[in-house]
Amino acid sequence: GIQVEQSPPDLILQEGANSTLRCNFSDSVNNLQWFHQNPWGQLINLFYIPSGTKQNGRLSATTVATERYSLLYISSSQTTDSGVYFCAVVSIGGNTPLVFGKGTRLSVIA
Amino acid sequence: GAVVSQHPSWVICKSGTSVKIECRSLDFQATTMFWYRQFPKQSLMLMATSNEGSKATYEQGVEKDKFLINHASLTLSTLTVTSAHPEDSSFYICSATAQGVGGELFFGEGSRLTVL
Chain G
184 GIQVEQSPPD
194 LILQEGANST
204 LRCNFSDSVN
214 NLQWFHQNPW
224 GQLINLFYIP
234 SGTKQNGRLS
244 ATTVATERYS
254 LLYISSSQTT
264 DSGVYFCAVV
274 SIGGNTPLVF
284 GKGTRLSVIA
Chain Y
5 GAVVSQHPSW
15 VICKSGTSVK
25 IECRSLDFQA
35 TTMFWYRQFP
45 KQSLMLMATS
55 NEGSKATYEQ
65 GVEKDKFLIN
75 HASLTLSTLT
85 VTSAHPEDSS
95 FYICSATAQG
105 VGGELFFGEG
115 SRLTVL
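Going down the list, the protein sequences come from chains G and Y.
For the first sequence, my numbering assigns the number 184 to the initial residue and increments by one for each residue that follows.
For the second sequence, my numbering assigns the number 5 to the initial residue and increments by one for each residue that follows.
Shown next, in the form of structure tokens:
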């Protein structure tokens, strides 16, 4: 099955700093989503981005489908950005549901 | 975005009892729902896929007789953990899509099960 690798596994930032999270995947995809899991466990949809670039406030994401990677940018980080960021994909032509990476655990300190 | 609601958020039960978790799509019809399980500090692992009106498809290693899934309508799927044991303690989270495999998934709030 498709493999999803996220980096870095852990990240500590000072409030106000910028960061880039990476997601590599091993096969072509027709769905790629980024999620933020908050301390209570809820998964918040950030982006549905199988290709291209999207922006939402301080967050933006880019997926280069031909090179099988996606990037999540967080600018001017805030303590509320802390949590785990997951990338998840569905491979093209497969009937497999969303497969998750292991996540990036982000801690933003004041 | 679409809203998926899960209930209960927390449940504590005695070993040997059964627990039912409900997952509802509130503002869309979910042709497909998925159930995931997450252990502490780990990623989400797919347990099963359910389509309305048909039997669920379970992932390898998931006991279908222990984790009963019913997708009786386009807005409701239930997961019943039968004869629960402490090793079943985990965070269970459902997701739903109106667009079938490949469509954007929306997740419920999750249910934290503790079996004593």
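Don't be surprised by glycine CBs; every beta carbon is placed ideally from N, CA and C.
DSSP on aspartate 193 of chain G, reduced to helix/strand/coil?
The residue given as residue 193 of chain G occupies position 10 in the first sequence. The answer is strand: DSSP assigns aspartate 193 of chain G an E or B state.
Taking only three categories from DSSP, how would you classify glutamate 250 of chain G?
Here the question's residue 250 of chain G lines up with position 67 in the first sequence. Looking at glutamate 250 of chain G - three-state DSSP - the assignment turns out to be helix.
Run through DSSP, which three-state label would glutamate 198 of chain G get?
The residue given as residue 198 of chain G occupies position 15 in the first sequence. Of the three classes helix, strand and coil, the one that applies to glutamate 198 of chain G here is coil, per DSSP.
From glycine 235 of chain G to glycine 184 of chain G, what does the alpha carbon distance come to, in whole angstroms?
Taking the first residue of the first sequence as 1, we reach residue 235 of chain G at position 52. Taking the first residue of the first sequence as 1, we reach residue 184 of chain G at position 1. Near 24 Å, if we compare the C-alpha coordinates of glycine 184 of chain G and glycine 235 of chain G.
Since valine 187 of chain G sits in a beta bridge, which residues does DSSP pair it with?
Position 4 of the first sequence holds residue 187 of chain G. DSSP lists G:Phe208 as partners of valine 187 of chain G.
Going along the chain, which residues of its own chain have a beta-carbon closer than 7 Å to the beta-carbon of lysine 18 of chain Y, five neighbours each way excluded?
Walking along the second sequence from the start, residue 18 of chain Y turns up at place 14. So the qualifying residues of the chain are Leu120.
Examine the Cβ distances between the segment 277–291 of chain G and the segment 80–97 of chain Y and report whether three or more of them are shorter than 8 Å.
No, because fewer than three Cβ pairs between the segment 277–291 of chain G and the segment 80–97 of chain Y fall closer than 8 Å, the two stretches do not touch.
Taking 7 Å as the cut-off, does the CB of serine 290 of chain G come closer than this to any heavy atom belonging to the ligand GTP?
This structure lacks the ligand GTP; in fact it carries no ligand of any kind.
With distance defined between alpha-carbon atoms, name the residue in Y:Thr82, Y:Ser87 and Y:Thr86 nearest to threonine 36 of chain Y.
Your numbering for residue 36 of chain Y matches position 32 in the second sequence. Here the closest residue by C-alpha is Y:Thr82.
Answer yes or no: does any C-beta atom of chain G fall closer than 8 Å to that of threonine 53 of chain Y?
In the second sequence, the residue the question calls residue 53 of chain Y occupies position 49. Yes, because at least one Cβ of chain G sits closer than 8 Å to the Cβ of threonine 53 of chain Y.
Within the same chain, show all residues whose beta-carbon is closer than 6 Å to that of leucine 30 of chain Y, passing over the 5 residues directly before and after it, in chain order.
The count along the second sequence starts at 1 and reaches residue 30 of chain Y at position 26. Closer than 6 Å at Cβ, skipping near neighbours: Val7 and Ser9.
Since leucine 196 of chain G contacts serine 260 of chain G with CB under 8 Å, what's their CB separation in whole angstroms?
Position 13 of the first sequence, counted from the first residue, corresponds to residue 196 of chain G. Position 77 of the first sequence, counted from the first residue, corresponds to residue 260 of chain G. So it is a contact: roughly 5 Å between Cβ atoms.
Counting only Cβ-Cβ distances shorter than 9 Å, please list the residues of the segment 34–54 of chain Y near chain G, keeping chain order.
Cβ contacts with chain G come from Thr36, Phe38, Tyr40, Gln42, Lys45, Gln46, Ser47, Leu48, Met49, Leu50 and Thr53.
What do you reckon, are the CB atoms on phenylalanine 230 of chain G and tryptophan 217 of chain G nearer than 8 Å?
Position 47 of the first sequence holds residue 230 of chain G. Position 34 of the first sequence holds residue 217 of chain G. Yes. Within cutoff.
Just to make sure I have the definition right: I need the residues of chain G whose C-beta is within less than 8 Å of the C-beta of isoleucine 97 of chain Y. Which are they?
If you number the second sequence from 1, residue 97 of chain Y lands on position 93. In chain order: Gly224 and Leu226.
Rounded to a whole number of angstroms, what is the C-alpha to C-alpha distance between asparagine 213 of chain G and threonine 249 of chain G?
Mapped onto the first sequence, residue 213 of chain G falls at position 30. Mapped onto the first sequence, residue 249 of chain G falls at position 66. Answer to the nearest angstrom: the Cα atoms are 12 Å apart.
Anything in the segment 67–83 of chain Y with a Cβ closer than 8 Å to a Cβ of chain G? List those residues in chain order, please.
Answer in chain order: no residues at all.
So leucine 281 of chain G contacts chain Y; which residues on that side make the cut at Cβ distance below 8 Å?
Taking the first sequence and counting its residues from 1, the one referred to as residue 281 of chain G is at position 98. Chain Y residues near leucine 281 of chain G: Phe38, Leu50, Ser99 and Leu109.
Is threonine 236 of chain G helix, strand or coil when you go by DSSP?
Counting from 1 along the first sequence, the entry for residue 236 of chain G is found at position 53. Of the three classes helix, strand and coil, the one that applies to threonine 236 of chain G here is strand, per DSSP.
Is the shortest distance between the beta-carbon of glycine 114 of chain Y and the beta-carbons of chain G less than 8 Å?
Here residue 114 of chain Y refers to the residue found at position 110 when the second sequence is read from its first residue. Cβ-Cβ to chain G under 8 Å: yes for glycine 114 of chain Y.
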